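These protein sequences, in sequence, are chains W and E. Each residue of the first sequence is one higher than the last, beginning at 1 in this note's numbering. Each residue of the second sequence is one higher than the last, beginning at 436 in this note's numbering. Just so you know, even glycine gets a beta-carbon here, dropped at the ideal spot from N, CA and C. In this text, all values refer to a predicted model and were calculated from it rather than measured experimentally. Scroll down for the structure; my scribbles are underneath it.
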Amino acid sequence: MARRRVVITGIGVISPLGDSPNRLFEALQAGKSGVSPIHRFDASSLPTRFAAEVADFRLADYLPETKLWQDAGLASEFAAAASQLALADAGLLPGATGVDRTRFAVYLGTGEGTQQFDALMGAVAVGYVPQSRSIDSARYAAFATQVYHPGREYEQELHTPIAHLAEYFDLQGPNYGCLTACAAGAQALAEATDLIRAGEADLVLAGGAHSMIHPLGVTGFNLLTALSTRNDAPQQASRPFDRDRDGFVLGEGAGMLILEELDHARRRGGKILGELTGFGVTCDAYRVTDSHPEGRGAAECMRQALADSGLKPEQIGYINAHGTSTKVNDAAETAAIKQVFGQHAYQIPISSTKSMTGHLIGAAGAVEAIICLEAIRRGMIPPTINYTTPDPECDLDYVPNHPRACRFDHALSNSFGFGGQNVSLIISRYSAEPG
Amino acid sequence: MSSTRRVVITGMGLLTPLGAGTVANWDAVLAGRTGIARLRMFDPTPLSVQIGGEIPEFDAKNYIEKKDRKSLKHMSRTVQLGVAAARLALDDARLGKGATNPDRFGVVYGTGTIPGELLDLAAPAAATFDRETGRIDMSRWGTEGMPLLPPMWLLNHVPNMTACHVSILNDARGPNNTITLSHLGSLMALGEAVRMIRRGSADVIIVGGADTRTDLLSLIRCSLFLNLSRRNAEPELALRPFDRDRDGTVLGEGAAALILEDIDHARQRGATILGEVVAFAAGFDAGCHGSGFARVIRQACAQASDSVAALDHVNARAPGTIPDDAWEARAIRGTVPQLPVVAYKANLSNLGAAADIAELILSLHAFRQGILPATRNHAHPAVDCPVTVCRQARPIQGQAVLKLGGTELGQCAAVIVHCGTSG
């Protein structure tokens, strides 16, 4: 029996560069950076004081009814808004005819909920006994009980954002969520594809949503020295593959896609935007903080994706790189691409749109899948901006600074997470004949 | 079915307040013991909830080779528990280093939030918290607070770190995922891992869950939004599955892991097969009405039509809260009313993201022993829970178990494991 094919029939995006695939892609094509000084909180004393924020976001601008999200964190709200956009795009909002909602699943890639910084830290400060280096449980409890907001604490539980989507959008199929750091959004799309192939669902609302632009998020990454500290030139800070890259730049947002079994989409007359033809999922099993220096897991992951799609390396017309702008990732990813594609690696246009959007962490892979889809549809490859000085370790074609018109049918998108999880997706132009 | 690859269980690892290892836990449950007690690891007097299931004797060093022990300082307690359960399961499956192809060896864990170590935050918070405003002084946080945090602070408690450390310690380079369904996490992880093996991405997967909810931070947080029993005076009677007098769940800490394996791979290496996963279904039952959960159970039964007649019992989630137990009972009543029901949270405490697999392990071991332990603290059947709960241990009569899991928001799943002799 032939494998069930999985097509994309709706997309929704909330990003630092706009809340529609059109606006996002036009900004990317223009080489625009979404990075600016952090407005959301006072970051003045932190080593990194800039990020790519989603400015002026209000959930009520997207949803008629926002009560379920009244205590939710920003990432959960981003997920809701992008889901509404994707479902509307696909004609699949609740009440749509000809759809069995029990066959409609959700798979959300995300991160930890946002902690209530002042409440958490305040209770610890009040309870701390420096002499004995201990926490006095009575003092801690008295203060915490006073300042912890029950609703906001509950919304940090990891199943809550998923349940809200299922309830609001009437998705009665399997509820999945994953947290694999920077790979989560892509991993959700990969495993959602498999849910459909395996027959456990006909439709999946899948993607990623994340924000770590809050005090403990920036602090945590600063402690790991993972973030760029180019505070004097924030818009030039994310410079993937450039010799002078010094870390990534935090972004935030959500990308949600409607994945649908091909015959189901045809039967209901859904518009087919593209096809998810292959994926690979591997693990470095190397170190918690660093990716494997030769890109061992990353290379295997890309190979798996190619094998899964049945495509030859030469058929890949564009690689949307993980390309974080950290020293280690960009060199290791380059090495991995060369291992997989051999000499052909030098012929494939590769870009990192993180140079413009920043790194959306758990949402990155999903937003970048949408970018790949748009790039195929428009025949236009978005650039890697801020690329000025070549790095001998990164010697491929990174589409520096200017977009490139180019018709192609298959794009490969990489996402690699802190902790070693690797995901590669292959997004293809839809054709009635399987590739 | 799109594939004929069959998925079997060849190892079990269990670490709970009742002890370490399947045998110790099963013996304790059969004897009717509980791991729920007044909290001992800190003084709980100031808290509204003072009971839970702790593992004070847990020492991760017992589960990790000497050369790897330096990584323990980067693992929160939850991660350490998860790593330990993986070790127990691998030992049980007799899967030593190099026994399987690393590229086809995966890890999938279910997770909830992982509490960070409060003491890590203490000095930075004390240095920058302004009691007048009730806020951290952000103009000094970056220079006077942040530098006092451990450099790896973020990675100590990010939930995917359990699966990451398990992969590193065991050279598991295949698919690796962390499923964020809180109390339903490990059962959804099981569903995904089965699919990964069926599709051919892996031959062996460590699937598990770990949770820690008895620390100060988790208890205070959870008592704000979960239905927790306030029966502080009689902790051993506090969690009462499907009972008329139930008043909430009791949180615990622990971890559980299974080794899932492609049946041919297991046979080739001569592994002991403990059971075969023959069905998995999941869904969302808005408002916890029961009809959605019932649909999920029916789907699982339809997938395993050969095994339905062989079902011996239902292993229920039954956290001991009023709405959750009633919801699950309605679903069971509407689908498999004839089956006896067991629930083991009164013994184990509510192990959160580890609960489903921990409880399933007790059933799997029951098939080997031929006897099914009773449900503790089910003294007065509740009118709103119309199910037949096993109040006494009984001989195993069938060959399969139906395990149920859920969240208080309506996410639910059902798995059927066949433990009899099979072709």
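Along chain E, which residues have their Cβ under 8 Å away from the Cβ of residue i?
i: Arg287 of chain W; result: Ile603
i: Leu224 of chain W; result: Pro586, Met587, Leu589, Leu590
i: Glu300 of chain W; result: Asp538, Arg608
Please state the DSSP three-state secondary structure of residue i.
i: Leu516 of chain E; result: helix
i: Cys182 of chain W; result: helix
i: Val543 of chain E; result: strand
i: Pro821 of chain E; result: coil
i: Glu500 of chain E; result: coil
i: Cys854 of chain E; result: coil
i: Glu688 of chain E; result: strand
i: Thr225 of chain W; result: coil
i: Thr102 of chain W; result: helix
i: Val484 of chain E; result: coil
i: His264 of chain W; result: helix
i: Cys847 of chain E; result: strand
i: Phe418 of chain W; result: coil
i: Phe719 of chain E; result: strand
i: Asn611 of chain E; result: strand
i: Asn175 of chain W; result: strand
i: Met436 of chain E; result: Confidence is the limiting factor: at Met436 of chain E the pLDDT is only 39, short of 50, which leaves the residue's position unreliable and the question unanswerable from this model.
i: Asn591 of chain E; result: helix
i: Tyr318 of chain W; result: strand
i: Met573 of chain E; result: helix
i: Lys271 of chain W; result: coil
i: Gly551 of chain E; result: coil
i: Ala190 of chain W; result: helix
i: Glu368 of chain W; result: helix
Shorter than 7 Å, the distance from the beta carbon of residue i to the closest heavy atom of the ligand SAM, or not?
i: Arg5 of chain W; result: Among the components of this structure there are no ligands whatsoever, and the ligand SAM is therefore not found.
Mind pulling the chain W residues with CB within less than 9 Å of residue i?
i: Asn536 of chain E; result: Here the premise fails: no neighbours, minimum Cβ distance about 12 Å.
i: Trp762 of chain E; result: Here the premise fails: no neighbours, minimum Cβ distance about 14 Å.
i: Met573 of chain E; result: Phe41, Asp42, Ala43, Ser44, Ser45, Leu46, Pro215
i: Ser621 of chain E; result: Residues of chain W passing the Cβ test: none, with the nearest at roughly 13 Å.
So which residues of chain W does residue i contact, with C-beta pairs closer than 8 Å?
i: Val852 of chain E; result: Within chain W, no residue comes near Val852 of chain E; the closest Cβ sits about 18 Å away, beyond 8 Å.
i: Leu612 of chain E; result: According to the sequence as given, residue 612 of chain E is Asn; it is not Leu. By Cβ distance, chain W contributes Cys178, Thr180, Gln187, Glu191, Val281, Gln421.
i: Pro594 of chain E; result: Glu112, Leu158, Leu179
i: Trp461 of chain E; result: In chain order: nothing, as chain W lies at least about 29 Å away.
i: Arg633 of chain E; result: Ala198
Please list, in chain order, the chain E residues whose beta carbon lies closer than 9 Å to that of residue i.
i: Arg377 of chain W; result: By Cβ distance, chain E contributes nothing, its closest Cβ being about 29 Å from Arg377 of chain W, past 9 Å.
Find the residues of chain W that neighbour residue i, judging by a C-beta separation of less than 7 Å, and give them in chain order.
i: Cys599 of chain E; result: Val288, Gly419, Gly420
i: His509 of chain E; result: Val288
In chain E, which residues lie with their C-beta within 7 Å of the C-beta of residue i?
i: Phe94 of chain W; result: A small correction: the amino acid at residue 94 of chain W is Pro; Phe does not occupy that position in the sequence shown. The contacting residues do not exist; Pro94 of chain W stays about 11 Å from chain E at best.
i: Tyr140 of chain W; result: Leu651
Entirely enclosed alpha helix (DSSP H) segments - the segment 11-51 of chain W, minimum 4 residues: 21-29
Positions along the segment 337-355 of chain W whose CB lies within less than 9 Å of some CB in chain E: none
Residues, ordered as in the chain, of the segment 29-45 of chain W that lie near chain E by beta-carbon distance below 9 Å: Phe41, Asp42, Ala43, Ser44, Ser45
Contacting positions in the segment 232-252 of chain W - beta carbon closer than 7 Å to chain E: none
Chain-ordered residues of the segment 796-817 of chain E with a beta carbon less than 8 Å from chain W: none
Near-chain E residues of the segment 151-166 of chain W - C-beta to any C-beta below 8 Å: Gly151, Glu153, Tyr154, Gln156, Glu157, Leu158, His159, Thr160, Ile162, Ala163, Ala166
The segment 211-222 of chain W in contact with the segment 193-201 of chain W per 3-pair CB rule at 8 Å: The segment 211-222 of chain W, when compared against the segment 193-201 of chain W, does not touch it at the 8 Å Cβ threshold.
Contact the segment 97-104 of chain W vs the segment 49-67 of chain W: 3+ CB pairs below 8 Å: no
Segments of 3+ residues assigned as beta strand (DSSP E) that fall wholly inside the segment 631-690 of chain E: 639-647
Contact list for the segment 685-718 of chain E against chain W, Cβ threshold 7 Å: Ala717, Gly718
Touching by the beta-carbon criterion (3+ pairs, under 8 Å), the segment 574-583 of chain E and the segment 45-52 of chain W: yes
The segment 723-739 of chain E: positions lying closer than 8 Å to chain W by Cβ: Residues Gly727, Arg730.
Residues within the segment 636-670 of chain E neighbouring chain W, beta-carbon criterion of under 7 Å: Ser636, Leu651, Ile655, Arg656, Leu659, Phe660
Those runs of the alpha helix (DSSP H) which lie wholly inside the segment 103-169 of chain W and span at least 4 residues: DSSP runs (the alpha helix (DSSP H)) wholly in the segment 103-169 of chain W: 117-127, 137-147, 150-154, 160-168.
Alpha helix (DSSP H) runs contained entirely in the segment 749-816 of chain E, provided each spans 4 or more residues: With a minimum length of 4 residues, the unbroken runs of alpha helix (DSSP H) contained wholly in the segment 749-816 of chain E fall at 757-768, 780-783, 790-804.
The segment 14-27 of chain W in contact with the segment 345-364 of chain W per 3-pair CB rule at 8 Å: yes
Under 7 Å (Cβ pairs) to chain E, residues found in the segment 253-283 of chain W: Val281, Thr282, Cys283
Chain W contacts from the segment 510-531 of chain E (Cβ-Cβ distance under 7 Å): For the segment 510-531 of chain E, the set of residues with a beta-carbon nearer than 7 Å to any beta-carbon of chain W is empty.
Residues, ordered as in the chain, of the segment 374-402 of chain W that lie near chain E by beta-carbon distance below 7 Å: For the segment 374-402 of chain W, the set of positions with a beta-carbon nearer than 7 Å to some beta-carbon of chain E is empty.
Cβ pair count under 8 Å reaching 3, the segment 753-772 of chain E against the segment 812-829 of chain E: By the criterion of at least three beta-carbon pairs nearer than 8 Å, the segment 753-772 of chain E is in contact with the segment 812-829 of chain E.
Segment contact, 8 Å Cβ cut-off, at least three pairs: the segment 560-569 of chain E with the segment 109-126 of chain W: yes
Proximal residues, the segment 10-21 of chain W versus chain E, C-beta separation under 9 Å: none
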